Amino acid sequence: MPEIPVRVPVIDSHHHFWEIDRFDYSWMPEGSPLATDYGPEELKPLMANAGVDYTVIVQAVSSPDEARWLLELAEDNEFIAGVVGWVDLTDPEVGHTLDELQQSKCFVGVRHIWESEEDPGWIVNSGAINGLKELARRDLAFDFLAKPANLPYIPQVMDQVPDLRAVVDHIAKPLIADHVVEPWLTDLRKVASINGVHCKVSGMITEADHQNWTVDDLRPYVHHVLGMFGSDRLMFGTDWPVCTLAGGYEQVVDTAREILGSLSPAAKADVFGGTAARFYRLDIQG
Numbered sequence: 028m029p030e031i032p033v034r035v036p037v038i039d040s041h042h043h044f045w046e047i048d049r050f051d052y053s054w055m056p057e058g059s060p061l062a063t064d065y066g067p068e069e070l071k072p073l074m075a076n077a078g079v080d081y082t083v084i085v086q087a088v089s090s091p092d093e094a095r096w097l098l099e100l101a102e103d104n105e106f107i108a109g110v111v112g113w114v115d116l117t118d119p120e121v122g123h124t125l126d127e128l129q130q131s132k133c134f135v136g137v138r139h140i141w142e143s144e145e146d147p148g149w150i151v152n153s154g155a156i157n158g159l160k161e162l163a164r165r166d167l168a169f170d171f172l173a174k175p176a177n178l179p180y181i182p183q184v185m186d187q188v189p190d191l192r193a194v195v196d197h198i199a200k201p202l203i204a205d206h207v208v209e210p211w212l213t214d215l216r217k218v219a220s221i222n223g224v225h226c227k228v229s230g231m232i233t234e235a236d237h238q239n240w241t242v243d244d245l246r247p248y249v250h251h252v253l254g255m256f257g258s259d260r261l262m263f264g265t266d267w268p269v270c271t272l273a274g275g276y277e278q279v280v281d282t283a284r285e286i287l288g289s290l291s292p293a294a295k296a297d298v299f300g301g302t303a304a305r306f307y308r309l310d311i312q313g
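Just so we're aligned: the sequence shown equals residues 28 to 313 in the numbering used here.
Below, the structure is given as structure tokens:
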């Protein structure tokens with residue numbers, strides 16, 4: 028009898044939850060449509076409609092208290108397979124905070140809002156390298172929230188912390204609305220040449236023209252990262268609810284499926300779940 032193919036769970040590797048009155052979300056512009064509560068009850072029906080099984084929730088506030096709250100949500104919602112929280116990477120005692128957060132099996136990694144730092148080289152100039160070494164020592168993942176100007180510093184980080192398990196969020200936010208490719212392409216290619224560095228196919232429609240973007244605007248950027256990283260180092264994410272500035276949850280999922288539609292079943296399984304599960308060491312059921 029022919030083998031029945033095993034369905035690989037679909038994982039959204041990047042989204043957020045927030046409650047506006049709980050933490051300081053000052054990065055949101057005043058009057059932004061994002062400035063309302065987004066939580067599990069809002070996301071669950073969207074996931075069901077889009078055929079998404081599990082998610083990784085990522086920090087949106089520079090506070091360990093937010094990480095604690097997200098871990099509580101993960102304990103109460105089985106679809107949340109992992110939490111990427113924030114800790115102060117420049118704190119010599121960061122290990123104590125990590126000790127506490129790692130008591131939850133859902134805590135899988137750390138992110139810093141690097142793109143907002145005034146110094147594009149903050150990651151190497153601030154003392155954060157010692158914190159990244161602590162993450163590597165504990166085999167925790169790190170999300171690089173980088174813009175094109177930050178990319179030249181990632182090889183420097185990886186030279187100093189070669190065992191760091193790292194992923195570049197949102198394909199490093201190229202200027203899609205302006206159809207700009209360089210120097211993003213050259214600098215990201217150098218990053219992709221480093222074994223072990225992964226990339227999230229996420230956050231693209233908010234870098235495109237919010238009102239008038241098309242699938243064809245995104246396609247060349249996705250093909251570039253696919254060629255650089257390969258399906259085994261790419262993972263899909265929606266960046267919900269930030270994506271709602273330019274499109275809905277299901278629209279983001281469908282767009283990625285359309286662009287990557289010519290991939291083999293095995294490669295699709297990687298991008299839409301397998302890579303995230305391996306990278307974040309997620310404990311999920313197939």
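Glycine residues also receive a C-beta, built at the ideal position from the N, C-alpha and C atoms. These figures come from a predicted structure and were not determined experimentally.
Just tell me which of Leu215, Arg246, His197 and Gly66 has its CA closest to the CA of Glu46.
Checked all of Leu215, Arg246, His197 and Gly66; the closest Cα to Glu46 is Gly66.
Through-space distance from Lys200 to Phe171, alpha-carbon basis
11 Å
Would you report the Cα separation of Leu97 and Val83, rounded to the nearest angstrom?
10 Å
Which runs of the alpha helix (DSSP H) at least 4 residues long sit entirely within the segment 261–300? Give them in chain order.
Here the runs fully enclosed are 276–286 and 292–296.
Any contact of the segment 251–267 with the segment 211–222, i.e. 3+ C-beta pairs under 8 Å?
yes
Pro36 versus Val298: straight-line alpha-carbon distance, rounded
11 Å
Beta carbon of Ala168 nearer than 7 Å to that of Val135:
yes
Between the Cα of Ala283 and the Cα atoms of Ala273, Asp103, Ala293 and Thr265, which residue gives the shortest distance?
Thr265
Straight-line CA distance for Leu86 to Trp113?
Before going on, a small fix: residue 86 reads as Gln here, not Leu. Distance between the alpha carbons of Gln86 and Trp113: 6 Å.
For Lys160, report the span of its alpha helix (DSSP H) as first-last.
Ala155 to Arg164
Since Thr241 is in the beta strand (DSSP E), which residue starts that stretch and which ends it?
Segment: none, Thr241 is in no beta strand (DSSP E) and carries neither H nor E.
Looking at the structure shown, is Ala87 part of a helix, part of a strand, or coil, going by DSSP?
In the structure shown, Ala87 sits in coil (DSSP, three-state: anything other than H, G, I, E or B).
If you follow the alpha helix (DSSP H) that Ile311 is in, where does it begin and where does it stop?
Segment: none, Ile311 is in no alpha helix (DSSP H) and carries neither H nor E.
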